[in-house]
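The structure appears below as structure tokens.
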Amino acid sequence: MTQPAARPASRTRSAGSKTSARKLAASAPKDTSNTKSKAAANGADKDLPLREDIRFLGRLLGDCVREQEGEAAFDLVETIRQTAVRFRRENDRAAGTELDRLLKRLSRDQTNSVVRAFSYFSHLANIAEDQHHNRRRRVHALAGSPPQPGSIARALEAIDAAGVTGKQLREFLDQALIVPVLTAHPTEVQRKSILDAEREIARLLAERDLPMTARERDHNTAQLRARVTTLWQTRMLRNTRLMVVDEIENALSYYRTTFLHGIPRLMSEIEEDIAAVFPAARKTKSLNGAASSPQPLAPFLQMGSWIGGDRDGNPNVTAETLEHAAGQQAQMILAWYLDELHALGAELSMSSLMVDASPELMALAEASPDHSDHRADEPYRRALIGMYARLAATAHALTGHTTMRHPVADVEPYANAEAFAADVRIVVESLRAHHGEALSRARIDSLARAIAVFGFHLASIDMRQVSDVHEAVIAELLAAAGVEADYASLPEERKLALLLDELRQPRPLTLPWHDYSEQTRAELAIFSRARDLRARFGNRVARNYIISHTETLSDLIEVMLLQKETGMLRGTLGSKTDPARMELMVIPLFETIEDLRNAAGIMQSLLELPGFASVIAAHGGEQEVMLGYSDSNKDGGFLTSNWELYKAELALVKLFETRRVKLRLFHGRGGTVGRGGGPTYQAILSQPPGTVNGQIRLTEQGEIINSKFANAEIGRRNLETVIAATLEASLLPTQNAPKELAAYEAVMQQLSDHAFRAYRELVYETPGFKDYFFATTPITEIADLNLGSRPASRKLMDKQHRRIEDLRAIPWGFSWGQCRLLLPGWFGFGSAVKALLDAAGDDKARKATEGALRRMVRNWPFFSTLLSNMDMVLAKTDLAVASRYAALCEDKALRKTVFARISAEWHLTSEMLALITGRQERLSDNPLLARSIKNRFAYLDPLNHLQVELLKRYRAGKDCDDVRVRRGIHLTINGVAAGLRNSG
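If you use the UniProt record's numbering, the sequence shown corresponds to residues 1 to 984, in order.
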């Protein structure tokens with residue numbers, strides 16, 4: 001595949017002919033480094049290097065297609081590409097007809113070759129865009145440009161200007177906690193083998209920005225050609241469904257790439273930035289009087305994970321998978337620590353004949369089992385060899401694995417990560433006290449920061465289960481014990497009384513010899529295993545328990561009782577002599593619109609529970625609440641979901657301030673805008689005043705994990721953005737509180753009411769809508785695709801019993817992306833604005849309302865971010881492509897009714913958005929993204945067209961047993977997701 005240089009549309013010679021050989025030589029990628037350097041230097045056409053990278057990778061891919069599939073396959077792909085470009089970029093209707101004809105005539109084997117080619121082009125374009133983002137940041141840094149929005153430096157400058165002192169900032173960070181949480185994803189479309197190859201392509205592409213000799217550049221090109229060939233020859237799809245253990249390994253790969261090195265480096269840079277902006281905050285000085293190093297920050301940035309602990313709708317997650325996840329995490333971080341210690345042993349070769357060491361370091365060296373005469377005068381090496389031996393013993397004790405490099409002797413393992421960190425601090429402090437400041441700020445400083453962040457557990461594993469399961473387990477325990485025969489049917493008041501009475505009982509409820517159901521045994525086993533893991537790896541390995549579909553206070557108390565039954569709740573609620581303490585924080589997840597509206601009331605009842613104050617105190621005076629973006633969107637639509645989340649947050653903040661309890665909000669954001677996605681920086685800044693306050697956890701899901709963290713520099717930047725936004729949202733609260741806020745909120749409530757009615761009327765009240773959805777999107781095929789370990793629905797559905805309500809929100813949004821409607825990210829907004837304007841009355845009142853909406857965009861971050869995200873979604877939608885999917889609905893009357901309503905709402909939404917913002921073109925304020933989306937459409941069109949054609953064949957039953965057809969469908973799903981990037 002070439003891009004975008006034109007090639008002849010028809011070729012007839014074989015790939016082995018002399019003519020083809022000459023063409024292959026002519027198409028060899030050209031050296032564009034000089035052009036890119038000049039463009040970067042003079043600032044002219046700053047996107048030229050991006051276009052050249054895309055052309056370069058496109059040529060490599062085209063060469064690969066020709067070499068692997070033959071000249072005829074290449075010609076076919078190239079003809080389709082050129083036709084699609086004419087259709088999309090030149091608005092050539094004849095090209096559209098020709099494209100349709102070309103695609104319909106493809107054989108099954110040709111179809112798969114074409115789909116793979118266009119899918120991989122999207123993947124390679126993503127790599128080029130990431131590299132260009134890194135390039136542009138470096139250009140700004142080299143030019144001495146002012147700090148960019150989203151950077152720590154920019155945030156610190158604003159905080160300093162606002163009058164915050166360095167001391168106040170450090171005190172704030174001492175109490176802060178920022179946790180990205182990686183989650184498994186039922187629509188994750190990338191295989192790890194593909195991800196690994198693409199990481200290597202990204203690394204090699206980045207090399208080309210460095211000065212290279214002609215031979216070095218040729219070698220780089222050859223390596224890139226090899227990696228592209230690897231992609232082409234690697235199976236893109238999984239033959240079997242992904243298992244939880246596979247998801248665990250996939251997630252760990254991002255630690256190797258980004259987090260293990262990136263987080264310590266980022267923390268160091270933050271300390272340097274703080275020292276530069278707030279020099280008075282520098283507290284530490286070397287004992288020898290040398291320049292002081294920045295005061296180490298508390299590990300406020302940590303990592304979380306749901307993989308291995310999230311059981312909501314996933315029967316494949318058990319106590320065994322939880323233990324496996326913890327073991328694999330510990331094995332990774334301990335192996336990394338051991339590698340770092342080994343490297344330090346080579347680096348820290350200082351002799352006591354040349355420089356002194358601290359008494360503590362000398363004692364550490366004397367305690368080492370290394371007694372070699374060769375290192376008698378090298379106390380640092382001896383100390384590190386002893387530390388390595390202890391850590392190797394620790395790794396074997398915790399994971400059962402033996403290190404590749406054997407320690408010099410068997411010694412006692414470290415009792416915990418804090419003991420290991422103490423030894424590392426001895427080395428650091430000795431270096432700083434004896435002219436080794438430069439050495440201390442290198443590898444060992446990074447190791448010390450890593451231990452503070454990762455401990456021996458790497459990431460905290462959250463456990464999650466739906467409230468219905470807890471109720472069933474409690475009901476069985478109570479019935480077996482003869483306490484209550486039918487707990488589930490009791491009114492809420494009676495449930496609470498019964499649960500609280502059981503919590504106060506000194507005896508357990510569980511009968512040791514009773515034969516409980518498999519579900520009850522499995523749920524109790526999870527709690528017991530979590531208790532064991534905390535004792536083994538430290539308390540941070542498992543500290544949160546999330547309850548999906550929290551609807552009542554009893555949903556929370558049930559989990560407290562399950563902790564009591566498994567030894568994780570000690571003491572008694574309300575007891576002055578032995579107050580209650582829970583090992584796992586019970587965290588409600590409010591998901592639906594109704595749940596969000598009830599959130600503050602439920603939390604008030606929890607905080608007012610007699611004796612619960614001691615539970616809060618044991619958790620450091622903090623209580624977390626999780627808010628679900630996905631289900632609230634599926635329940636009430638884009639506008640209402642965001643508004644109800646906003647109101648729930650404000651109500652919770654007010655409640656927690658009154659109760660003097662620290663609130664931490666956990667944002668269950670997904671990749672798509674319809675699931676809370678969009679730029680993280682703007683999302684955090686648009687939170688209601690007082691809702692961040694240095695405490696935030698947020699999910700990172702599916703292909704978004706790859707998009708954000710597969711590239712180490714992109715990953716570091718994304719982490720920096722989260723921290724910067726948290727600082728600004730917490731310490732600059734006035735920016736989130738416009739003067740007319742009360743009036744804005746009143747308008748927003750009216751908009752939400754109108755949008756809610758429009759959305760519910762379409763999705764839940766239109767007869768046959770669910771049939772339309774299942775017919776016109778690849779939801780059924782997505783459920784069949786081996787994407788993740790979790791089913792696409794919480795309940796197995798056949799055609800007669802399937803419901804939108806039972807469908808998981810992730811495949812719901814993913815399916816709308818595949819058919820290019822992305823309905824969850826915009827539907828209802830146009831109707832809402834029109835209804836608001838119509839209700840205004842005369843022209844003068846209407847103009848006043850329009851003016852209020854425009855001021856809301858200018859002055860209210862919540863509303864401006866909402867519209868910005870919707871603008872991006874509208875730019876990615878395509879009604880012409882969506883109409884092809886609509887044709888899959890065999891009921892013509894239903895098809896006409898539903899698609900006409902969707903189409904009308906899209907046009908109305910676009911019109912109302914333009915009216916408010918004053919911008920007719922999509923993404924006019926983000927031209928780079930606009931160009932990226934526009935350029936991608938030409939390569940998405942063939943994938944969408946082929947997906948529709950394959951769905952027709954497959955669903956007609958003619959080719960349902962042909963593995964090539966099924967593979968083709970699944971390949972198009974992969975390609976479209978890659979092209980849209982944030983689609984799941």
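Where is the CB? At the ideal position from N, CA and C, for every residue including glycine.
Item, Value
"Reduced DSSP secondary structure (H/G/I, E/B, other) of Asn693", "coil"
"Nearest-angstrom beta carbon gap, Phe278 and Gly166 [assumed within contact, 8 angstroms]", "3 angstroms"
"Short Cβ contact (9 angstroms threshold) for Arg504 with Leu573", "yes"
"Start-end ranges of the alpha helix (DSSP H) lying completely within the segment 610-658, minimum 4 residues", "612-618, 629-636"
"Buried versus exposed, by CB contacts within 10 Å (16 or more), Pro767", "exposed"
"Ala25 classed as buried or exposed, judged by whether at least 16 other C-beta atoms fall within 10 angstroms", "Unreliable placement is indicated for Ala25, whose pLDDT of 36 sits below 50; no coordinate value is reported for it."
"Where the alpha helix (DSSP H) containing Tyr545 begins and where it ends", "Not the alpha helix (DSSP H): Tyr545 falls in the beta strand (DSSP E), residues 544-548."
"Reduced DSSP category for Glu320 - H, G, I as helix; E, B as strand; rest coil", "helix"
"Top-ranked residue by Cα proximity to Asp174, from Ala153, Glu418, Ala848, Pro296", "Pro296"
"Chain-order list of residues whose beta-carbon lies under 6 angstroms from that of Gln68 (same chain, five-residue window excluded)", "Trp232"
"Val244 vs Ala325 beta-carbon contact at 9 angstroms", "yes"
"Entirely enclosed beta strand (DSSP E) segments - the segment 421-483, minimum 3 residues", "463-466"
"Secondary structure of His667, DSSP reduced to three states", "strand"
"Beta-carbon gap between Glu558 and Met585 smaller than 9 angstroms", "no"
"Inter-stretch contact (C-beta, 8 angstroms, three-pair minimum) for the segment 483-490 and the segment 519-527", "no"
"Stretch pair the segment 331-348 + the segment 383-395: three plus CB contacts closer than 8 angstroms", "yes"
"Backbone CA spacing between residue 985 and Ser467 [nearest angstrom]", "Outside the shown range of the chain, which is 1 to 984, sits residue 985, and nothing can be said about it."
"Within 9 angstroms, strictly: CB atoms of Thr865 and Ser686", "yes"
"Whole-angstrom C-beta distance between Asn112 and residue 1060, which should lie under 8 angstroms", "Any answer about residue 1060 is impossible in this case: the structure gives the chain only from 1 up to 984."
"Own chain, CB closer than 6 angstroms to Gly979, minus 5 neighbours either side, in chain order", "Ser122, Arg936, Leu940"
"Residues bridged to Leu177 [DSSP beta-bridge criterion]", "Gln695"
"Residue interval of the beta strand (DSSP E) (run including Ile587)", "585-590"
"Helix, strand or coil at Lys576 according to DSSP, with G and I counted as helix", "coil"
"Pro299 to Val181 span [Cα, whole Å]", "16 angstroms"
"Separation of Asp47 from Arg540, as counted between CA atoms", "45 angstroms"
"Member of Trp812, Gly96, Arg464, Gln750 whose CA lies at the smallest distance from the CA of Phe774", "Trp812"
"Nonlocal neighbours in the same chain, by C-beta distance under 6 angstroms from Asn34, ignoring five residues either side", "With a pLDDT of only 48 at Asn34, under 50, the local geometry of the prediction cannot be trusted, and the value read off the model is given with reservation. There are no such residues."
"Leu888 versus Trp826, Leu458, Thr776, residue with shortest Cα-Cα distance", "Thr776"
"Bridge partner(s) assigned by DSSP for Asp310", "Arg464"
"Cβ pair count under 8 angstroms reaching 3, the segment 206-213 against the segment 718-726", "no"
"Residue from Arg66, Asp92, Asp63, Cys64 with nearest C-alpha to Ala938", "Asp92"
"Status (buried if at least 16 other CB within 10 Å, exposed otherwise) for Val963", "exposed"
"6 angstroms CB neighbourhood of Ala600 in its chain, flanking five on each side removed", "Ala651, Leu652, Leu655"
"For Ser305, the three-state DSSP class (helix, strand or coil)", "strand"
"Trp232 CB to nearest heavy atom of the ligand PLP below 8 angstroms", "The ligand PLP is absent from the structure shown, which contains no ligands of any kind."
"Outcome for Pro141 when other beta-carbon atoms lying within 10 angstroms are tallied against a minimum of 16", "Note that residue 141 corresponds to Ala in the displayed sequence, not to Pro. It is exposed - the Cβ of Ala141 has fewer than 16 other Cβ atoms within 10 Å."
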